[in-house]
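Trainee: Line by line, the protein sequences are chains A and B. Residue numbers for the first sequence follow this note's numbering, beginning at 10 and rising by one. Residue numbers for the second sequence follow this note's numbering, beginning at 10 and rising by one.
Number of protein chains: 2
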Amino acid sequence: MKIGIIGAGSIGLLFAAYLSKAFSVTLYTKTSEQAEIISQNGIYLQEGSARSKFSVSAKPISQWEGEEGLSIIAVKQYQLHSIIKQICKLEFIPQNLLFLQNGMSHLKLLNTIPAANIFVGSVEHGASKVNSNTVSHNGKGDINVALFKGSLQIIKEFTVPCGSINFPISLKDDYYNMLLNKLIANAVINPLTAILQVKNGELIVNSFYFSAVKKLFLEISYILNLEDPIKRFRDVVRICKKTGNNQSSMLKDLEAGRRTEIDAILGFLIEEAQIQQKTAPNIESYYNLIKGIEKDRRGAH
Amino acid sequence: MKIGIIGAGSIGLLFAAYLSKAFSVTLYTKTSEQAEIISQNGIYLQEGSARSKFSVSAKPISQWEGEEGLSIIAVKQYQLHSIIKQICKLEFIPQNLLFLQNGMSHLKLLNTIPAANIFVGSVEHGASKVNSNTVSHNGKGDINVALFKGSLQIIKEFTVPCGSINFPISLKDDYYNMLLNKLIANAVINPLTAILQVKNGELIVNSFYFSAVKKLFLEISYILNLEDPIKRFRDVVRICKKTGNNQSSMLKDLEAGRRTEIDAILGFLIEEAQIQQKTAPNIESYYNLIKGIEKDRRGAH
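(1) Going along the chain, which residues of its own chain have a beta-carbon closer than 8 angstroms to the beta-carbon of Ile82(B), five neighbours each way excluded?
(2) Among Gly135(A), Ser145(A), Tyr27(A) and Lys300(A), which has the Cα closest to the Cα of Thr168(A)?
(3) Could you pull the start and end residues of the beta strand (DSSP E) that Ser61(B) belongs to?
(4) Using the C-alpha atoms, what's the distance from Ala282(B) back to Ala136(B)?
(5) How many angstroms separate the CA atom of Ile127(B) from the CA atom of His115(B)?
(6) Excluding the 5 residues flanking Arg268(B) on each side, which residues of the same chain have their C-beta closer than 8 angstroms to its C-beta?
(7) For Leu99(A), count neighbouring C-beta atoms within 10 Å of its own C-beta (all shown protein chains included) and say buried if the count is 16 or more, exposed if not.
(8) Near Ile12(A), which residues of its chain fall below 6 angstroms by C-beta distance, leaving aside the five closest residues on each side in sequence?
(9) So within the segment 117-184 of chain B, which uninterrupted beta strand (DSSP E) runs reach at least 3 residues, ignoring any that extend past its ends?
(10) When you compare the CB positions of Ile204(B) and Leu278(B), do they come within less than 7 angstroms of one another, or not?
(11) Taking Ile70(B) as the reference, give the member of Lys94(B), Leu54(B) and Leu235(B) with the closest Cα.
(12) Would you check if the distance between the CB atom of Val139(B) and the CB atom of Ser145(B) is smaller than 7 angstroms?
(13) From Asp183(A), Leu235(A), Gln162(A) and Gly148(A), pick the residue whose C-alpha is nearest to that of Asn254(A); which is it?
(14) Against chain E, with Cβ distances strictly below 7 angstroms, would Leu298(A) count as a contact?
(15) Mapping the DSSP letters down to three states, classify Ile102(A) as helix, strand or coil.
(16) For a contact defined as C-beta to C-beta under 7 angstroms, what are the partners of Ala155(A) on chain B?
(17) Give the secondary structure of Phe277(B) by DSSP, where H, G and I count as helix, E and B as strand, and everything else as coil.
(18) Going along chain A in order, which residues have a C-beta closer than 9 angstroms to the C-beta of Leu205(B)?
(19) Does the distance from the C-beta atom of Asp51(A) to that of Ser41(A) stay below 7 angstroms?
(20) Helix, strand or coil for Val222(B) per DSSP?
(21) Can you pull the chain A neighbours of Tyr27(B), defined as C-beta to C-beta under 8 angstroms?
(22) For Glu293(A), which residues in chain B fall below 7 angstroms Cβ to Cβ?
(23) For Ile174(A) versus Lys30(A), is the C-beta spacing smaller than 7 angstroms?
(24) Taking only beta-carbon positions, decide if Tyr37(B) is within less than 7 angstroms of chain A.
(25) In three-state DSSP terms, what is Ser257(A)?
(26) Between Ser221(A) and chain B, is any beta-carbon pair separated by less than 7 angstroms?
(27) Measuring CB atoms only, is the segment 290-304 of chain A touching the segment 44-58 of chain B, in the sense that at least three cross pairs come out at less than 8 angstroms?
(28) Should Gln256(B) and Lys191(B) be called a contact, given that it needs their Cβ atoms to be closer than 7 angstroms?
(29) Using a C-beta cutoff of 7 angstroms, does Asn215(A) count as contacting chain B?
(30) So what's Ser294(A) in DSSP terms, helix, strand or just coil?
(31) Can you tell me which of the three DSSP states Lys287(A) falls into?
(32) Does the beta-carbon of Tyr184(A) have 16 or more other beta-carbons within 10 angstroms, so that it is buried, or is it exposed?
(33) Taking Cβ-Cβ distances shorter than 8 angstroms, what residues in chain B pair up with Pro290(A)?
(34) Less than 7 angstroms separating the beta-carbons of Gly112(B) and Ile299(B)?
(35) Could you tell me whether any Cβ in chain A is nearer than 7 angstroms to the Cβ of Tyr218(B)?
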């Protein structure tokens, strides 16, 4: 199967490196410079002290024609608008699309795409982009995918070989529930660690931070009408422990002066609260603090 | 008039230096080392590039007998318990006490003191302690005092000469309103600047931070049942502008690994909210973030 990967950030590079072991992969990059570097030198994958090289075909995104059997969209949520615009302009609309964005605000966009089969995924691997063609794989985690619309056939064909290349991908029944799980953890851990500039584990070790975690979780639970809040809260605590030594992606984004995914995460929850006419005082304030820091830091870079 | 000043932090040193021009001042310090340094070398007052020396008598707090005509209590709110214990144990209870603490949580303690005349003050000077006997006067501001209980006589005698030594102190009618004004500004500016690690002016320059300022102010206004919220909010904005280039005391405390005055400020508002059975979601979360950072930083120092 031919695989197209759209976006060569940390997740795009990680997927391209691993999947190239079992599939014919083309990676589509934002700039032609990055495509050239990857085509000429390959992708380097760092895992601990080990470093492996993968030869992957790369092209600038403008050359994407959607001809691959499965297209994996690995851009940030806030870059999705322009990608969807491009999809809709293609001569042949790609029929099999897998979207890997964080949060849930992208779901309403997916309905606008005239593709037959659309899948969504949630990636829990820790990865960071070192340079244009190097990705550091910091921690192994789960990858889950689920059907958003259409038929499962192609995604089943895709996931089976992934198990044998040490890159397992699980198929889930319920996309909403699957994304919700990730959203809840992201909505608690990302803003607080980014504001406080602490590693994930600090949120449960420091009793005052843990009080703030509980208050924020309760607001999220109220807005999402969670049926099993205690189980969901335990999941958040488990993730904080498991990733205790990691910096959250939002903290890394702010430190690097990059745009964060706050709109896809807390922004989504604020919209949900407005639709249900609920108040979300902590969520709104944390949203403003992150947007403000983002503005300050991005201005400085 | 003999003046005793209890506490030789930034405000105690600033008062001792200025007041020594018109009064016979004794400064009571926490440690006998600091008393010795001040007795031998005097207090240095830095104002811009100028540096002046003031000879002031200093003793460790254990030697305080309350014999001065007016005792000015310039310790932090969280050190007040032990000072009040000491006052109550003195052979002759000092009859004239002026308390300069931030916030309003100390008011309930003042009723327990068997002194005839108790005054409270609010100090808006910017000052920082450089070392045991040096204080930097960073910005001139108002000093207001008001009667808490007893008669005004002694405080009038005290404030008159202060005008002629370039250290004006205004007498206010209503102590509650006077402290409230300072509390509101402190409750908005201190926690947000300390969490965000920004100067006071950033809170109104950055539109996202300003949204967070408004939300926090609205909670404070609701808890304090403010009659003129718009006027009070304008006061907060005016102070942010006027002190735009300053770091708030809470930010400085956290950076230096010192305990903050969060209990006297947001802690007081949380208690007020509980008494009135009101919710205070932002205030509670900011309280927890500051207490958590305080715990982290103080542990590290």
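Even glycine gets a Cβ: it sits at the ideal position worked out from N, Cα and C. Quick caveat: nothing in here was measured; it's all calculated off a predicted structure.
Mentor: Taking the geometry as given:
(1) Ile15, Gly16, Leu89, Ile92, Leu106, Leu107, Phe108, Leu109 and Gln110
(2) Tyr27(A)
(3) Ala59 to Phe63
(4) 32 angstroms
(5) 12 angstroms
(6) Lys85, Tyr87, Asp262, Glu303 and Arg307
(7) exposed
(8) Leu28, Phe32, Val34, Glu77 and Leu79
(9) 126-132, 135-140, 143-148, 152-158 and 179-181
(10) no
(11) Lys94(B)
(12) yes
(13) Gly148(A)
(14) No chain E is part of this structure, whose protein chains are labelled A and B.
(15) coil
(16) Those within 7 angstroms of Ala155(A) in chain B number zero; the least Cβ separation is about 33 angstroms.
(17) helix
(18) Ile204, Leu298, Gly301, Ile302 and Asp305
(19) It is worth fixing the name first, because residue 51(A) is Gly in this sequence and not Asp. Not a contact, by the Cβ cut-off of 7 angstroms.
(20) helix
(21) Those within 8 angstroms of Tyr27(B) in chain A number zero; the least Cβ separation is about 37 angstroms.
(22) Lys224
(23) yes
(24) no
(25) coil
(26) The question names Ser, yet the displayed sequence has Ala at residue 221(A). For Ala221(A), the answer is yes, since a Cβ of chain B falls inside 7 angstroms of its Cβ.
(27) no
(28) no
(29) yes
(30) helix
(31) coil
(32) buried
(33) Lys224, Glu228, Pro290 and Asn291
(34) no
(35) yes
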